[in-house]
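Numbering of the sequence shown is given in full-length UniProt numbering, commencing with residue 1 and proceeding in unit increments. C-beta atoms are modelled at their ideal positions from N, C-alpha and C, and glycine is treated no differently. Worksheet: the structure to be examined is printed underneath.
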Amino acid sequence: MKSTFARLSVLALPMLLLTPNIAAASSCAADQLEPLKLVGETRLSVMFWDVYDARLYTNTGEYKDADQRALRLDYLRDIDAEDLVETTQEEWERLDYAIDDEAKGWLNTLTDIWPNVSEGDCITLVETSEGYAEFYGNDGKLGQIENKEFTQKFLDIWLSENSRFEDERDELTGVNQ
Numbered sequence: 001m002k003s004t005f006a007r008l009s010v011l012a013l014p015m016l017l018l019t020p021n022i023a024a025a026s027s028c029a030a031d032q033l034e035p036l037k038l039v040g041e042t043r044l045s046v047m048f049w050d051v052y053d054a055r056l057y058t059n060t061g062e063y064k065d066a067d068q069r070a071l072r073l074d075y076l077r078d079i080d081a082e083d084l085v086e087t088t089q090e091e092w093e094r095l096d097y098a099i100d101d102e103a104k105g106w107l108n109t110l111t112d113i114w115p116n117v118s119e120g121d122c123i124t125l126v127e128t129s130e131g132y133a134e135f136y137g138n139d140g141k142l143g144q145i146e147n148k149e150f151t152q153k154f155l156d157i158w159l160s161e162n163s164r165f166e167d168e169r170d171e172l173t174g175v176n177q
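Following this line, the structure appears as structure tokens:
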């Protein structure tokens with residue numbers, strides 16, 4: 001009896017170790033990212049905390065002149081959705097973007113569609129052919145914002161020349177390659 005249990009344990013261990021990787025590979029807009037090419041990736045750390053790993057994809061594999069972009073964030077710590085939305089607003093303010101009624105509406109939509117994230121979760125923005133932003137999480141599509149200006153302003157948090165984290169921006173856009 002003991003040897004049967006030991007054999008089952010040995011067989012089950014690799015399955016348990018592989019299962020999260022299989023789930024992660026199939027989540028967070030994997031189908032939408034498949035035709036796109038990786039431009040760059042980076043890890044955002046604030047002080048001594050690792051916050052997320054970010055990856056930028058485009059239809060060309062280059063940042064400049066791409067027709068479609070996607071940004072995937074893989075979280076390395078737990079963050080409440082409210083804090084994610086608040087940080088989005090703070091970064092827009094830092095970039096001197098007005099938080100007018102339209103921007104407040106976008107932030108409210110993000111509050112409605114974004115989940116609290118735990119370590120290992122992801123959120124991906126995929127730009128549609130119309131320039132709109134579709135958001136995906138671990139379990140599929142979270143929602144979308146049908147506004148090109150929102151998509152650009154959201155991506156500017158990471159991709160603008162005035163981004164707070166210049167080194168990470170350069171890694172995402174392939175400048176450091």
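Residue i and residue j closer than 8 Å at C-beta
| i | j | result |
| --- | --- | --- |
| residue 146 | residue 44 | no |
| residue 89 | residue 107 | yes |
| residue 110 | residue 85 | yes |
| residue 133 | residue 125 | yes |
| residue 76 | residue 51 | yes |
| residue 97 | residue 153 | yes |
| residue 131 | residue 151 | yes |
Nonlocal neighbours in the same chain, by C-beta distance under 7 Å from residue i, ignoring five residues either side
| i | result |
| --- | --- |
| residue 58 | 36, 37, 39, 66, 68, 69 |
| residue 99 | 89, 92, 93 |
| residue 15 | Because the pLDDT at residue 15 is just 34, under 50, the model does not fix this residue reliably, and the value given afterwards should be weighed accordingly. For residue 15, where only same-chain residues beyond five positions count, there are no Cβ hits under 7 Å. |
| residue 81 | 111, 114, 115, 116 |
| residue 128 | 134 |
| residue 42 | 54, 168, 171, 172 |
Beta-carbon proximity list for residue i, same chain, < 8 Å, skipping 5 on both sides
| i | result |
| --- | --- |
| residue 158 | 54, 56, 71, 165, 168, 169, 172 |
| residue 78 | 116, 117, 118, 119 |
| residue 12 | Residue placement at residue 12 cannot be trusted, given a pLDDT of 35 that sits under 50; the coordinates are not used to answer. |
| residue 179 | For residue 179 there is no data in the structure shown, the boundaries of the chain being 1 and 177. |
| residue 62 | 39, 174 |
| residue 160 | 95, 169 |
| residue 87 | none |
Delimiting residues of the beta strand (DSSP E) encompassing residue i
| i | result |
| --- | --- |
| residue 133 | 133-137 |
| residue 127 | 122-127 |
Closer than 7 Å: residue i CB and nearest the ligand MN heavy atom
| i | result |
| --- | --- |
| residue 134 | In the structure on display, the ligand MN does not appear, and there are no ligands present to speak of. |
Whole-number beta carbon distance between residue j and residue i, since they are thought to touch under 8 Å
| i | j | result |
| --- | --- | --- |
| residue 95 | residue 162 | 6 Å |
| residue 103 | residue 114 | In fact, because the Cβ distance is near 16 Å, the residues do not count as touching under 8 Å. |
Start-to-end residues for the alpha helix (DSSP H) that takes in residue i
| i | result |
| --- | --- |
| residue 30 | 30-33 |
Same chain, Cβ closer than 6 Å to residue i, five either side skipped, listed in chain order
| i | result |
| --- | --- |
| residue 121 | 75, 138 |
| residue 29 | 124, 126, 136 |
| In chain order, which alpha helix (DSSP H) runs of at least 4 residues are fully inside the UniProt domain "Chalcone isomerase" (35-163)? | The UniProt domain "Chalcone isomerase" (35-163) contains, as complete alpha helix (DSSP H) runs of 4+ residues, the segments 81-94, 101-113, 148-159 (chain order).
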